[in-house]
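Below is one structure, written out as structure tokens, with a few remarks after it.
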Amino acid sequence: LPTEDGKEILGIWDTPEPRYFYSTFTYKNHWSCFAILCISVGFAFLTRHIRASGKSLLRSNFLPIVGFILCLLIISIIHSGSRSGILIFILLFLAIAYFNKTRKSFKFVTLFFLIITCIFIFNLSKGSSTDMKINTQQQIEGILNGELPLRVYLWSDLLKQISDKTFWGHGFNSYRSINPIYQSQEVLSMRNLGVEYAHVPYTPLIGHGHNDWLELISEIGWFGFSIVLLPGLLLTLREILTSNSNFSLVLFLGILSYILFSVIDFPIRTPACFLTFCCFLGLSLKYSKLSASSV
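For the sequence shown, my numbering assigns the number 1401 to the initial residue and increments by one for each residue that follows.
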């Protein structure tokens, strides 16, 4: 909650739009992205511990600690009201269930997910869930009336930017200054509508395109994308398909969840998310290499 001087986050700094912040993150979607990265690590340790414990699983002190932390993180995603976070968490869980090679782990994680589902259903009457339902209904009504969500129009504008300078791009960190040239009328109208209903006055500039991949391609071009981003994506997909370690597999599924989040939002622009992603990617690659060499 905001303090007396109006600073929402820890009473230290303001948020651009108070409706969208959660915890110490300016945007609730970015908190969800950070939480999902941490959840993937928790699931990785959980599945490995289940394999190692055998019949002594229920007597383990490790299980309730990790389970409790995972529950808190998952509930925080639901409580934040992030629809993207909930959707990507479900996809992460389904991917873990599909790729997991241990039947016991699959049963346990399924039970865990059912418990979280019950918590989610119970939470539907809460304020954040009410906001999710209202926003979803409004978007569905808009689509039926021929009005797409704002981020879809932003993606369309980004494609125009990319088509203009496909190979070299417009220059790193150029989106904020270049985008107004390519802005569609739909974006202009929605941008001005957002100012009208904002809690605090602000300049209606589009800072990000809600798609890190398209935004970065528009800035560094296909050449930069091919030598900087594409290798990491292909490496992650290779590890998911070929890894012999359940632990590293779940870690890479978490990495893939972050990449998927970057397609519909801009978590790369949040240092906590990006640095956590880089650390987990490096550690996952190292663990996978060590696991392969020990086989």
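Yeah, the Cβ is synthetic: ideal placement off N, Cα and C, and Gly gets one too.
Per-residue burial, residue i [other beta carbons within 10 Å of its own, 16 or more giving buried]
| i | result |
| --- | --- |
| A1765 | Nothing can be reported for residue 1765: it is not among the residues displayed for the chain, which extend from 1401 to 1695. |
| G1682 | exposed |
| N1461 | exposed |
| V1628 | exposed |
| F1468 | exposed |
| L1401 | No answer about L1401 holds up, because its pLDDT of 49 lies below 50 and its placement is not dependable. |
| N1696 | Since the displayed the chain opens at 1401 and closes at 1695, residue 1696 lies outside it and no answer follows. |
| S1482 | buried |
| T1536 | exposed |
| D1557 | buried |
Spatial neighbours of residue i in its chain, beta-carbon cut-off 8 Å, leaving aside the 5 residues before and after
| i | result |
| --- | --- |
| M1590 | L1550, Y1553 |
| C1673 | H1430, C1433, F1434, L1437, Y1658, P1667 |
Beta-carbon spacing of residue i, residue j below 8 Å
| i | j | result |
| --- | --- | --- |
| F1699 | Y1687 | This structure gives no information on residue 1699, because the portion of the chain shown stretches from 1401 to 1695. |
| N1611 | I1668 | no |
| I1655 | S1626 | no |
| F1661 | I1488 | yes |
| L1614 | W1568 | no |
| L1651 | S1440 | yes |
Contacting residues, own chain, Cβ-Cβ under 7 Å from residue i (five flanking each side not counted)
| i | result |
| --- | --- |
| S1574 | E1619 |
| K1696 | Residue numbering for the chain in the displayed model covers 1401 to 1695; residue 1696 lies beyond these limits and cannot be assessed. |
| A1495 | L1653 |
Residue from the options with nearest C-alpha to residue i
| i | options | result |
| --- | --- | --- |
| Y1427 | F1468, H1449, S1480 | S1480 |
| I1606 | L1630, I1578, G1571 | I1578 |
| S1645 | K1689, G1571, L1544 | K1689 |
| Y1498 | L1675, S1691, L1649 | L1649 |
| H1608 | G1542, L1473, C1678, T1670 | T1670 |
Cutoff 6 Å; reference residue i; Cβ partners in own chain excluding five residues on either side
| i | result |
| --- | --- |
| H1449 | F1462 |
CB contact check: residue i to chain B, cutoff 8 Å
| i | result |
| --- | --- |
| L1683 | No chain B is part of this structure, which consists of one protein chain only. |
Query raised in the report: Taking three-plus beta-carbon pairs below 8 Å as touching, is the stretch 1428-1446 in contact with the stretch 1624-1636?
Result: The stretch 1428-1446 vs the stretch 1624-1636: no contact.
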